[in-house]
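Residue numbers (full-length UniProt numbering): 1 to 323.
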């Protein structure tokens, strides 16, 4: 057969787009400069977070969820939404159920969800401990009798009433302290979530908190978790992008264990469906939607693409309960 017959016609040339390397243009797998992103492979599901919805009684301008009264960016959870996932998680060996919002106690079905979850595993609740909790004390108190304990982490931004109330609203500082005092008095475990200042001396900040605790007859040994400014939903703070080379800092599975995506997943309601997301801090990026079941989500490689991933990379901050 003549050689000329084997040559492809000019019109059949391979399109240029097919000979370029497509992954270099994929923002999920590569940085803006085309470098392969750092990633995490999941180990074992130890903690399941449940996003109760973005509705909140407060409207803090710095809120990483953008929450405010009546907010519906993420709809409120119902017990019927989470029951199948609770049992799937138990079958997978989950050790703890954790809850975030918004303000969980704004959600009508939240106490029912918390009651059901604490029948099966220890629970951890992020709350501002203000009016929504105080109004439901009669519903919360019986949960002490459930088989597993409930730990509350209360947001108390600064050891300064005026500075705290400037963003959270007048009276919220004292209400939170009232909520903390009541929870501890009943026998619940409580810790504090606070914000950080760039030039702070942590020991001095926590000493100032403990002075306030003494005034309120609150134990001075409460644990603190300090958070940097994580930005509002959809924001970009200019953090460095994490590459595969960056991850050489954490060469072993043990070294990477402080990344929450190695051992946690979060349930997020999207319309009428519950989806599984990689982390408590990335519900504003649909790329972190890992599917409709916990089992399939654990097979997905997590690319460290969100700017909040850098906070975890740099500070090792965990949304989980302190030891």
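Ideal Cβ positions, reconstructed from N, Cα and C, are used throughout, including at glycine. Small disclaimer: the values here were computed from a predicted structure and weren't measured.
CB-CB under 7 Å to residue 117, same chain, minus the five flanking residues each way: which ones, in chain order? These residues qualify, in order along the chain: 86, 97 and 123.
Alpha-carbon to alpha-carbon, residue 239 and residue 301: Distance between the alpha carbons of residue 301 and residue 239: 21 Å.
Between residue 45 and residue 92, is the Cβ-Cβ spacing less than 8 Å? Closer than 8 Å, so yes.
Taking one C-beta from the segment 48 to 68 and one from the segment 168 to 185 each time, how about it: are there three or more such pairs within less than 8 Å? The segment 48 to 68 vs the segment 168 to 185: in contact.
Go ahead and pull the three-state DSSP assignment for residue 191. Residue 191: strand per DSSP, three-state reduction.
If we call anything under 8 Å between Cβ atoms a contact, is residue 216 one with residue 177? A contact, by the Cβ cut-off of 8 Å.
How do the segment 182 to 189 and the segment 198 to 212 stand: do at least 3 beta-carbon pairs fall below 8 Å, yes or no? In this structure the segment 182 to 189 does not lie against the segment 198 to 212, because fewer than three pairs of beta carbons, one per stretch, are closer than 8 Å.
Range of the contiguous beta strand (DSSP E) that encloses residue 89: Not the beta strand (DSSP E): residue 89 falls in the alpha helix (DSSP H), residues 79 to 91.
Tell me the residue span of the beta strand (DSSP E) that contains residue 226. Membership of residue 226 in the beta strand (DSSP E) is indicated by the continuous run 224 to 227.
So, for residue 127: in the same chain, excluding its five sequence neighbours on each side, which residues have a beta-carbon less than 7 Å away from its beta-carbon? Cβ-Cβ distances below 7 Å link residue 127 to 103, 104, 105, 133, 152 and 154 in the same chain, with the five nearest sequence neighbours on each side left out; the list follows chain order.
Which listed residue (276, 282, 320 and 83) has its alpha carbon closest to that of residue 257: Taking residue 257 as reference, the option from 276, 282, 320 and 83 with the minimal CA-CA separation is 320.
With a threshold of 8 Å between beta carbons, is residue 91 in contact with chain B? As a matter of chain content, chain B is missing from the structure shown, which is built from one protein chain.
I'd like the ranges of any beta strand (DSSP E) spanning at least 3 consecutive residues and lying wholly in the segment 140 to 208. The segment 140 to 208 is shown to contain whole beta strand (DSSP E) runs of 3 or more residues at 150 to 155 and 189 to 195, in chain order.
To the nearest angstrom, how far is the alpha carbon of residue 112 from that of residue 68? One C-alpha to the other measures close to 23 Å.
Would you call the segment 29 to 46 and the segment 142 to 149 touching, i.e. three or more CB-CB distances under 8 Å? No, because fewer than three Cβ pairs between the segment 29 to 46 and the segment 142 to 149 fall closer than 8 Å, the two stretches do not touch.
Is DSSP giving residue 123 helix, strand or coil here? Three-state result, residue 123: strand.
Backbone CA spacing between residue 65 and residue 265 [nearest angstrom]: Each residue's Cα considered, the two are about 17 Å apart.
Every unbroken beta strand (DSSP E) within the segment 20 to 75, with a cutoff of 3 residues, ordered by chain: You should have 39 to 41 and 47 to 51.
Cβ shell of residue 70 (< 8 Å), same chain only, five flanking positions each side left out: Result list for residue 70: 55, in chain order.
From residue 221 to residue 210, what does the alpha carbon distance come to, in whole angstroms? Approximately 8 Å between the Cα atoms of the pair.
Which residue's Cα is closest to the Cα of residue 114: 141, 88, 130 and 135? With distances taken between Cα atoms, residue 114 lies closest to 141.
Cα-Cα, which of 135, 50 and 110 is closest to residue 99? Restricting attention to 135, 50 and 110, the CA atom closest to the CA of residue 99 is found in 50.
Checking 8 Å against the spacing of the C-beta atoms, do residue 192 and residue 156 come in under that value? It is a contact, given that the beta carbons lie within the stated cut-off.
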